[in-house]
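> Take a look at this one; I'll ask things after.
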Amino acid sequence: MRFAAALGAGHGKAILAGEHFVLDGTTAVAIPLPAFRTEVRFAANGASAGVTLAPSPAADLSQTDRRQAVAMLERALALANVHAGVEATVSSTVPLRRGFGSSAAFAVAAVQAAWRLAGAGEPPPPSWLDQARAIEALVHGTSSGLDPATAMGLGAVAFRGGAIQATISPATSTKWRRARWVLVDLGPGPATSAVIERANEARRRMAPVTLRGLIARADSAARSAIAGLRAGDPEAVAVAMGEAGACLEHLNVVNSEMRACIAAAVAAGAMAAKQTGAGMGGALLALAPDAETADTVCHHVAAMAANTWIVETTV
85 MRFAAALGAG
95 HGKAILAGEH
105 FVLDGTTAVA
115 IPLPAFRTEV
125 RFAANGASAG
135 VTLAPSPAAD
145 LSQTDRRQAV
155 AMLERALALA
165 NVHAGVEATV
175 SSTVPLRRGF
185 GSSAAFAVAA
195 VQAAWRLAGA
205 GEPPPPSWLD
215 QARAIEALVH
225 GTSSGLDPAT
235 AMGLGAVAFR
245 GGAIQATISP
255 ATSTKWRRAR
265 WVLVDLGPGP
275 ATSAVIERAN
285 EARRRMAPVT
295 LRGLIARADS
305 AARSAIAGLR
315 AGDPEAVAVA
325 MGEAGACLEH
335 LNVVNSEMRA
345 CIAAAVAAGA
355 MAAKQTGAGM
365 GGALLALAPD
375 AETADTVCHH
385 VAAMAANTWI
395 VETTV
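In structure tokens, the structure reads:
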């Protein structure tokens, strides 16, 4: 039985280790950001087919953005076998083009809303991921699946080979409860597809043995981050983040502004700071030992950042 209206939601994300290298088959680990949320509401409008995207006063979308959004929504409905006319309303607090997974959150929300509208119940996680990945690929080209896997909000995820390997519940140690994530918005970066091509060009210039070694380092960093999360050990997670960031330097996706902000965050007391997402601008993720240090980090990077946020590690 189809419904007259349905709502779906997706979350933003931050990657601790594995961005770019996940496309080489390495392990990656990411955390959802529940404070960054996208909602898609579908309502049947009586038309024979097509999606009408309602204006959103909170979103400053270009015509290209709107065309892409409609194409993604239409794909979600088609995958759920909904072919009637639908009006879509979108609301989101996920910053666009910052590396926080705005397109993945949108794709995940669209899939969930489409399934609910079709009366098919909740999408099983494997189907949810596969369909959201296909929808996100309309914008980014080949999607590893890491972003939509995290945007589903199942918790921190260990991801490899296009699938969620495990969801991770960090140990509730005293140190882990005291620690804080600091998210830093450096402003819009280039399109993800363009940065992926930049990384691919860096790969092509490497000797095969060098690339294999780099891939192995990146995989080891992600596995160490997962172990640190499970142990509730912020120092271990920070070391893994530092190694993951060092690996990304070899892919030519870390620009001078990012390096300066990373250095400032560490100088202010962060245990580690690295890009999260494609790179060449966008977002940084830092790990501070406590809330007071997180405040200090935000203060020290304020002149470089469009926005900063402090997030509890237990969320």
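So the sequence shown is numbered by the numbering used here: it starts at 85 and just counts up by one. Where a beta carbon is used, it is the ideal one built from N, C-alpha and C, also for glycine. Keep in mind it's a predicted model, so treat the numbers as computed, not measured.
Grab me the residues of G271's own chain with a C-beta within less than 7 Å of its C-beta, minus the 5 sequence neighbours each way, in chain order.
Closer than 7 Å at the Cβ level, and outside the excluded window around G271, lie G365 and A390.
> Terminal residues of the continuous alpha helix (DSSP H) containing P116?
Careful: P116 lies outside any alpha helix (DSSP H), inside the beta strand (DSSP E) at A112 to A128.
> Name the two residues that bound the continuous beta strand (DSSP E) containing F243.
A240 to R244
> Output yes or no for whether 8 Å exceeds the beta carbon distance between A348 and H384.
yes
> Please work out which residues of its chain come closer than 6 Å, Cβ to Cβ, to R200, disregarding the five sequence neighbours upstream and downstream, and give them in chain order.
A90
> Would you list the residues sitting across from T173 in a DSSP beta bridge?
R125
> Do I280 and A155 have their beta-carbon atoms positioned less than 8 Å apart in this structure?
no
> Nearest to A302 by alpha carbon, out of T110, L213 and P318?
T110
> Could you tell me the alpha carbon to alpha carbon distance between D231 and G130, rounded to whole angstroms?
34 Å
> Select from T251, L157 and M325 the residue whose C-alpha is nearest the C-alpha of I219.
L157
> Could you say which of A286, A320, R264 and V268 lies nearest to I346 if we only look at CA atoms?
Closest by alpha carbon: V268.
> With a threshold of 8 Å, are at least 3 pairs of Cβ atoms found where one atom belongs to the region 184-194 and the other to the region 204-224?
yes
> Taking just the CA atoms, how far does R314 sit from R262?
16 Å
> So, with DSSP's three-state summary, where would you put G366?
coil
> Among all the DSSP beta bridges, which residues are the ones paired with T360?
A367
> Going by Cα to Cα distance, which pick from G326, I394 and S187 is closest to R150?
S187
> Does the region 317-330 come into contact with the region 225-244, if we say contact requires no fewer than three beta-carbon pairs (one atom in each stretch) closer than 8 Å?
no
> Could you have a look at H167 and say whether DSSP puts it in helix, strand or coil?
coil
> Is V338 helix, strand or coil by DSSP?
coil
> Smallest Cα separation from S277: which of A138, G225, T251 and L180?
G225
> For V268, which of helix, strand or coil comes out of DSSP?
strand
> Under 8 Å between the Cβ atoms of A197 and R125?
yes
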